[in-house]
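Chemist: Mapped onto our numbering, the consecutive letters of the sequence shown carry residue numbers 2 to 288.
Using N, Cα and C, we set each Cβ at its ideal position, and we do this for glycine too.
As the structure is a prediction and not an experimental result, all values here were calculated from the model.
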Amino acid sequence: MNAPGKPVPDRDRSIGTILIDAGRLSPEHAERVLKVARESGLRFGDAALQLGVIKQDDIDFALARQFDYTYLPLGDKSVSAEVVAAYSPGAPVVEALRALRTQLMLRWFDADTKHKTLAIVSPARGEGRSWLAANLAVVFSQLGERTLLIDADMRNPRQHELFKLDNRVGLSAMLSGRAGTEVVRRITPLLGLSVLPAGALPPNPSELLARPAFGQALDAFSASYDVIIIDTPDARHSADAQTLASRAGGALLLARQNVSVLEHLRSTAESLASAGVTIVGSTLNEN
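#1: Counting only the same chain and skipping the five closest in sequence on each side, list residues whose C-beta sits under 7 Å from that of Gly282.
#2: May I have the straight-line CA-CA distance separating Gln258 from Glu96, to the nearest angstrom?
#3: Can you tell which of Ala31, Thr18, Pro90 has the C-alpha that lies nearest to the C-alpha of Ala63?
#4: Hey, could you find the ends of the alpha helix (DSSP H) Gly216 is sitting in?
#5: What does DSSP give as the partner residues of Arg186 in its beta bridges?
#6: Could you tell me the alpha carbon to alpha carbon distance between Thr71 and Ala49, rounded to whole angstroms?
#7: Using beta-carbon positions only, say whether Pro124 and Leu266 come within less than 8 Å of one another.
#8: Since Gly46 is in the beta strand (DSSP E), which residue starts that stretch and which ends it?
#9: Among the residues of its own chain, which have a CB less than 7 Å from the CB of His116, if the five just before and after it don't count?
#10: Quick check: the Cα distance between Glu146 and Pro203, rounded to an integer number of angstroms?
#11: Tell me the rounded alpha-carbon separation between Ala270 and Leu255.
#12: Hey, could you find the ends of the beta strand (DSSP E) Leu149 is sitting in?
#13: Would you kindly report the start and end of the unbroken alpha helix (DSSP H) that includes Val319?
#14: Return the CA-CA distance between Ser177 and Glu128, expressed in angstroms with no decimal places.
#15: Could you say if the segment 229–245 and the segment 143–157 meet the contact criterion of at least three C-beta pairs nearer than 8 Å?
#16: Skipping 5 residues on each side, what residues in its chain have a beta carbon closer than 6 Å to that of Val54?
#17: Which residue wins for smallest C-alpha separation from Asp232, given the options Val84, Ile60, Arg159, Arg102?
#18: Pull up the CB-CB distance for Ile230 and Ile121, whole angstroms please, since I reckon it's below 8 Å.
#19: By a C-beta neighbour count over all protein chains shown, 10 Å radius and 16 as the cutoff for buried, is Asp58 buried or exposed?
#20: Is DSSP giving Gly145 helix, strand or coil here?
#21: Taking a contact to mean a Cβ-Cβ separation below 8 Å, would you say Ser172 touches Ala135 in this structure?
#22: Run the CB neighbour count on Leu26, radius 10 Å, all protein chains shown included, and call it buried at 16 or more, exposed below.
#23: Under the assumption that Val185 contacts Leu219 (Cβ atoms under 8 Å), give the Cβ distance between them as a whole number of angstroms.
#24: Using DSSP's beta-bridge definition, name the partner residues of Ala120.
#25: Could you check what DSSP says for Arg14 in three-state terms: helix, strand or coil?
#26: Using a threshold of 8 Å, state whether the C-beta atoms of Pro198 and Ser79 are closer than that.
#27: Can the beta-carbon of Leu98 be found closer than 8 Å to that of Ala82?
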């Protein structure tokens with residue numbers, strides 16, 4: 002009896018094989034497609050589209066697998082639909098996120114600088130910090146970067162909702178010494194992405210974040226991850242965001258169109274600068 006061989010990587014598999022294994026194309030339809038492709042000189046995907054046995058979304062799915070560009074098919078409910086980068090790689094907002102990723106790679110995550118951690122900061126609630134942090138983490142993981150998203154908003158956490166995680170144990174347990182790195186969760190449908198949820202809401206979030214344990218955790222994570230994104234609480238109503246940005250070393254300042262107040266943005270930027278934080282850039286949430 003022959004021993005089973007190693008699984009063939011998706012990059013070495015044909016589009017037809019990927020679609021059959023994913024349940025998107027039946028073997029019978031695949032045979033019809035192969036026949037038409039040979040007779041007409043069309044590529045497999047083009048012949049399958051012509052026959053109407055698959056849709057363009059199926060082609061996009063197979064190509065993403067071949068090029069190690071992981072995203073979820075529409076209708077998949079593994080993560081919230083708000084994490085648009087996980088579902089719609091061609092959407093204009095995702096293109097904008099990739100452009101932002103490029104700027105951050107040039108300005109902060111450059112290999113020569115050895116920067117790995119960035120805090121997402123804004124003055125008030127409702128400006129989109131959690132949405133931006135989640136989607137940025139996804140597009141960095143799609144680039145092949147080992148990415149960790151930390152929900153450090155232990156007042157109004159959201160990442161467990163966006164990635165559909167149990168939030169009973171997380172960062173708060175780590176910082177209080179009641180848990181270790183096992184609370185970090187791999188997002189299995191999205192290769193290279195891990196999330197550390199906030200965990201149970203503590204009565205003393207500011208004190209927990211100010212402990213040496215948080216800096217020690219970041220140092221330990223830096224050995225395992227290429228990019229660490231920190232979701233923070235609103236900067237105006239606690240010192241948490243300033244503490245987190247100071248630990249990270251760098252911050253991306255977020256404003257929301259028709260919501261953010263210019264004076265609040267200015268004061269937030271000044272408080273970050275006074276704490277020695279590098280403001281890597283600012284971005285506008287137009288949603």
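Modeler: From the atom records:
#1: Taking the sequence shown and counting its residues from 1, one reaches residue 282 at position 281. The answer, listed in chain order, is Gln104, Arg108, Leu253.
#2: Mapped onto the sequence shown, residue 258 falls at position 257. Mapped onto the sequence shown, residue 96 falls at position 95. Rounded to whole angstroms, Gln258 to Glu96 spans 19 Å at the Cα level.
#3: For the purposes of this step, residue 63 is taken as the residue at position 62 of the sequence shown. Checked all of Ala31, Thr18, Pro90; the closest Cα to Ala63 is Thr18.
#4: Here the question's residue 216 lines up with position 215 in the sequence shown. That run of the alpha helix (DSSP H) goes 213–223.
#5: On the sequence shown, residue 186 is found 185 positions in, with the first residue counted as 1. Note: Arg186 sits in a beta bridge opposite Val196.
#6: Start at 1 with the first residue of the sequence shown, and residue 71 comes out as number 70. Start at 1 with the first residue of the sequence shown, and residue 49 comes out as number 48. Those two C-alpha atoms are separated by around 22 Å.
#7: Numbered from 1 along the sequence shown, position 123 holds the residue referred to as residue 124. Numbered from 1 along the sequence shown, position 265 holds the residue referred to as residue 266. Yes.
#8: Indexing the sequence shown from 1 puts residue 46 at position 45. It is not in any beta strand (DSSP E) - Gly46 instead sits in the alpha helix (DSSP H) that spans 45–52.
#9: The residue you call residue 116 lines up with position 115 of the sequence shown. For His116, where only same-chain residues beyond five positions count, the Cβ hits under 7 Å are Trp109, Phe110, Gly250, Gly251.
#10: Here residue 146 refers to the residue found at position 145 of the sequence shown. Here residue 203 refers to the residue found at position 202 of the sequence shown. Whole-angstrom Cα-Cα distance: 31 Å.
#11: Walking along the sequence shown from the start, residue 270 turns up at place 269. Walking along the sequence shown from the start, residue 255 turns up at place 254. Using only the alpha carbons, I get a separation of about 10 Å.
#12: Indexing the sequence shown from 1 puts residue 149 at position 148. Element bounds for Leu149: 148–152.
#13: Lying outside 2 to 288, the shown extent of the chain, residue 319 is not represented and no answer is given.
#14: Stepping through the sequence shown from its first residue, residue 177 is reached at position 176. Stepping through the sequence shown from its first residue, residue 128 is reached at position 127. Using only the alpha carbons, I get a separation of about 29 Å.
#15: Touching, per the Cβ criterion.
#16: Taking the sequence shown and counting its residues from 1, one reaches residue 54 at position 53. Cβ within range, chain order: His30.
#17: Position 231 of the sequence shown, counted from the start, is the residue given in the question as residue 232. Closest option to Asp232, Cα to Cα, is Arg159.
#18: Translated into positions along the sequence shown, residue 230 becomes position 229. Translated into positions along the sequence shown, residue 121 becomes position 120. Right, their Cβ atoms sit about 7 Å apart.
#19: Start at 1 with the first residue of the sequence shown, and residue 58 comes out as number 57. Asp58 is exposed by the Cβ-count criterion.
#20: By 1-based counting over the sequence shown, the position of residue 145 is 144. The answer is coil: DSSP assigns Gly145 none of H, G, I, E or B.
#21: Position 171 of the sequence shown, counted from the first residue, corresponds to residue 172. Position 134 of the sequence shown, counted from the first residue, corresponds to residue 135. The question names Ser, but residue 172 is Leu in the sequence shown. No, the Cβ-Cβ distance between Leu172 and Ala135 is not below 8 Å.
#22: Counting from one through the sequence shown, the residue named residue 26 turns up at place 25. So Leu26 counts as buried.
#23: Your numbering for residue 185 matches position 184 in the sequence shown. Your numbering for residue 219 matches position 218 in the sequence shown. Contact doesn't hold; Cβ gap of about 13 Å is too wide.
#24: Within the sequence shown, numbered from 1, the residue matching residue 120 stands at position 119. Ala120 is bridged to Ile231, Ala252.
#25: Here the question's residue 14 lines up with position 13 in the sequence shown. It is coil, neither helix nor strand.
#26: Sequence index remark: in the sequence shown, residue 198 carries index 197 (1-based). Sequence index remark: in the sequence shown, residue 79 carries index 78 (1-based). Not closer than 8 Å, so no.
#27: As a working note, residue 98 is residue 97 in the sequence shown. As a working note, residue 82 is residue 81 in the sequence shown. No. Outside cutoff.
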